[in-house]
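Below is one structure, written out as structure tokens; comments come after it.
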Amino acid sequence: MQSPPPDPLGDCLRNWEDLQQDFQGIQETHRLYRLKLEELTKLQDNCTNSITRQKKRLQELALVLKKCRPSLPSESAEAAQDLENQMKERQGLFFDMEAYLPKKNGLYLSLVLGNVNVTLLSKQAKFAYKDEYEKFKLYLTIILIVISFSCRFLFNSRVTDAAFNFLLVWYYCTLTIRESILINNGSRIKGWWVFHHYVSTFLSGVMLTWPDGLMYQKFRNQFLSFSMYQSFVQFLQYYYQSGCLYRLRALGERHTMDLTVGFPTPQRASSLGCGEGSPSCFLSSSLDISGSSLMH
Numbered sequence: 001m002q003s004p005p006p007d008p009l010g011d012c013l014r015n016w017e018d019l020q021q022d023f024q025g026i027q028e029t030h031r032l033y034r035l036k037l038e039e040l041t042k043l044q045d046n047c048t049n050s051i052t053r054q055k056k057r058l059q060e061l062a063l064v065l066k067k068c069r070p071s072l073p074s075e076s077a078e079a080a081q082d083l084e085n086q087m088k089e090r091q092g093l094f095f096d097m098e099a100y101l102p103k104k105n106g107l108y109l110s111l112v113l114g115n116v117n118v119t120l121l122s123k124q125a126k127f128a129y130k131d132e133y134e135k136f137k138l139y140l141t142i143i144l145i146v147i148s149f150s151c152r153f154l155f156n157s158r159v160t161d162a163a164f165n166f167l168l169v170w171y172y173c174t175l176t177i178r179e180s181i182l183i184n185n186g187s188r189i190k191g192w193w194v195f196h197h198y199v200s201t202f203l204s205g206v207m208l209t210w211p212d213g214l215m216y217q218k219f220r221n222q223f224l225s226f227s228m229y230q231s232f233v234q235f236l237q238y239y240y241q242s243g244c245l246y247r248l249r250a251l252g253e254r255h256t257m258d259l260t261v262g263f264p265t266p267q268r269a270s271s272l273g274c275g276e277g278s279p280s281c282f283l284s285s286s287l288d289i290s291g292s293s294l295m296h
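Just so you know, we're using full-length UniProt numbering here: the sequence shown kicks off at 1 and counts up by one.
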């Protein structure tokens, strides 16, 4: 008995029916997603407005407390101090809350990206972006060590120097953008750290446009030697401070979005292997000096 001939069209129709059923499920899921997204947007607006009102009332309360503080009797001074401490703690809680709420971009991000919401909603997404930022710095630091060494000892060409300086300009511009996004997502990056990257971008641009000549050649070797030193120090900084941050996070003394910038407090230094006079402490002081430099 012969088997029936294959029916390709029938198979296609059956597959299409299966796809239709799946598509109906996708449509329903997407409808629910849009409803939840609208609810989320309303909750974000309500939460943002509530925090704004509460912060305004806290400021008013702080002014009233500051005015009446000198006239308070001694037995009320302790209660006033306790109230001030609670108000400061409340400000810190607001900072953590606002890290998960959309906010307006600063002037720099508005000029570069426009009015785009760069707030990441989940803790995992925030940590992944921060981790990518750290790896970006590490990989570019290694590349800069290799290129600065090559320009210093192997090549003496204005073309290779220009390529190196262009890489520095791009690197620092990218850092300033990423750091602004991290600040919007709750990273406590120090202002001096971001500012020195702005200055480094400008100075790298000066090096890029500096015409070849006697003064350039005199400064060139010093600059390349300093770039090698700075990149090597930043390479050490990443591994040293990443270990410190890991231990501090495990102890609950550092925020998840803290970066490998800055060092543990003196009270925690000995427990983190950075006691006074230790090699780690010497490394800390060297990194602290180099980190405040205006050039890479």
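All residues carry an ideal CB built from backbone N, CA and C; glycine is no exception.
Quick caveat: nothing in here was measured; it's all calculated off a predicted structure.
For T119, the three-state DSSP class (helix, strand or coil): coil
Backbone secondary structure at Y239 - three-state DSSP: helix
A99, DSSP secondary structure in three states: coil
C12 to L19 span [Cα, whole Å]: 10 Å
Straight-line gap, H197 to C173 (C-alpha atoms, nearest Å): 8 Å
Cβ-Cβ distance between R220 and D161 below 8 Å: yes
Option nearest L109 by Cα separation, candidates L83, I181 and N156: I181
Expected contact under 8 Å - CB spacing of S227 and L144 to nearest Å: 7 Å
Classification of Y139 by the beta-carbon crowding that lies within 10 angstroms, buried from 16 upward: exposed
Three-state class that DSSP yields for G106 in the structure shown: coil
As assigned by DSSP and simplified to three states, the class of I189: coil
CA-to-CA distance, P8 to E17, given in whole angstroms: 14 Å
Bounding residues of the alpha helix (DSSP H) (the contiguous stretch that carries L154): That residue, L154, is in no alpha helix (DSSP H); it is neither H nor E in DSSP.
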